[in-house]
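Just so we're on the same page, my numbering is the position in the sequence shown counted from 1, plus 592. Where is the CB? At the ideal position from N, CA and C, for every residue including glycine. Just below is one structure, and these are the notes that go with it.
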Amino acid sequence: IAACRQQKRARFMTAAGLVNARVEAQRQHGLGRALQRWSRLDLIVLDEVSYVSFAQGGAELLFQVISERAERTAWIMTTNLPFSEWTQVVPNARLCKALLDRITDRAHIIDTGTDSYRFKRTLTSRQQRAEQRVHQPSPSI
Numbered sequence: 593i594a595a596c597r598q599q600k601r602a603r604f605m606t607a608a609g610l611v612n613a614r615v616e617a618q619r620q621h622g623l624g625r626a627l628q629r630w631s632r633l634d635l636i637v638l639d640e641v642s643y644v645s646f647a648q649g650g651a652e653l654l655f656q657v658i659s660e661r662a663e664r665t666a667w668i669m670t671t672n673l674p675f676s677e678w679t680q681v682v683p684n685a686r687l688c689k690a691l692l693d694r695i696t697d698r699a700h701i702i703d704t705g706t707d708s709y710r711f712k713r714t715l716t717s718r719q720q721r722a723e724q725r726v727h728q729p730s731p732s733i
């Protein structure tokens, strides 16, 4: 949010959305232009990096974007997989290692654990509603 307030160019996208857009650009012979648009960004937020496995071609396109922008752009990425399990997402071990090398270089890694914040939020909300019902006076007859 701070980057946007400072008039920085930012883009938010899921990893699957990024790969799908690159695959489509490649099909339409516009991959170079698509990559050039990404080169103008100051911040890229890539969400849900580990939810969808990528075929070899998709993983290569993801690597291409990250490799091209790794030294020039700030990145924020979210994932629920430890790095040791990323070969589930990028099956080619060599490509996976190269991708992680670029992602983790000079990175600030914040491990939030494996618990779902959405699940916690739902449980907390449910508990608060239950407590409110208990503390409400009964209607008088």
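Residue 604 - partner residues in DSSP beta bridges: Bridge partners of residue 604: 637.
DSSP has residue 695 in a bridge; who is on the other side? Per DSSP, residue 695 has no beta-bridge partner at all.
As a quick exercise: from 676, 638, 691, pick the residue whose alpha carbon is nearest that of residue 604. Nearest to residue 604 by alpha-carbon distance, out of 676, 638, 691, is 638.
Quick check on DSSP: helix, strand or coil for residue 668? Looking at residue 668 - three-state DSSP - the assignment turns out to be strand.
Taking 7 angstroms as the limit between beta carbons, can you name the residues of its chain near residue 688, skipping five residues before and five after? So the list reads 678, 679, 682, once near-sequence residues are dropped.
With a threshold of 7 angstroms, establish whether the CB of residue 630 neighbours any heavy atom of the ligand ATP. What this structure holds is no ligand at all, so the ligand ATP is not there to describe.
Going by DSSP, what residue range makes up the alpha helix (DSSP H) through residue 652? That run of the alpha helix (DSSP H) goes 648-661.
What are the boundary residues of the alpha helix (DSSP H) that includes residue 682? It is not in any alpha helix (DSSP H) - residue 682 carries neither H nor E in the DSSP assignment.
Cα separation between residue 653 and residue 611? Near 6 angstroms, if we compare the C-alpha coordinates of residue 611 and residue 653.
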